[in-house]
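Position one of the sequence shown corresponds to residue 252 (the working numbering), numbered consecutively onward.
Ideal Cβ placement from N, Cα and C applies to all residues, glycine included.
Computed from a predicted model, the values in this text were never measured in an experiment.
A short write-up of the structure that comes next.
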Amino acid sequence: MRRRLRRLLPDHESVRSNRWFRPFANTLLHPRLWYLNRHSAAGAVAVGLFCGLVPGPLQMLSAAIACVLLRVNLPLALVSTLYSNPFTIVPLYVAAFGLGNWAMGGNGADFIPPPELGGLGLSTWMSAVIDWMGELGKPLALGLVLLAASLSISGYFIVRAAWRLWLIRTWRQRQAARQR
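Okay, here's the thing in structure tokens:
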């Protein structure tokens, strides 16, 4: 698993030679942003899941900034933001509204159904979704923060537990191989 991830990650030289990243090379080439261990992987997934609910095209930018500040694996965090996309954004925002409405003690009577994709182009539909999100107001804003935080915390502990289980399995396999 770890070897597969390392093959997919870009190396330092590809980042250093990229003309878009050259002004930020000192920051982006920090070893902790590229090293993959259980701490950086869990932190990266947590950052990616939290930043995945940032509205609009700022998800990856906010994840990259958080990675630089927290020194967690940058590529894994960027990939982790991709759970929110045009197909999943509406269900995520409906869940966030419900969570925010529940946290505010509301009854859900203010809910406005999301726009349907049928007959609309993707850009028109995305514009309609942005307008829809704006009309939902405070319950949506609170729900987004609560949902992002709960996904982030869950993702962190799931990655830590999965990494630990993988290590235990590897240790047991080595021990069994030694006993043969």
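- Message: Using the three-state DSSP reduction, which class does Trp383 fall into: helix, strand or coil?
- Response: helix
- Take the Cβ of Gly406 as the centre, count every other Cβ of all protein chains shown within 10 Å, and call the residue buried at 16 or more, exposed below. buried
- Can you grab the Cα-Cα spacing for the pair Val345 / Ser403, in whole Å? 18 Å
- Query: Would you report the Cα separation of Leu397 and Tyr334, rounded to the nearest angstrom?
  - Reply: 17 Å
- Task: In the DSSP assignment, find the alpha helix (DSSP H) that holds Arg289 and state where it starts and stops.
- Result: 289-302
- Item | Inter-residue spacing [alpha-carbon to alpha-carbon] between Gln310 and Arg429 | 47 Å
- Item | Element boundaries [alpha helix (DSSP H), containing Asn352] | 340-354
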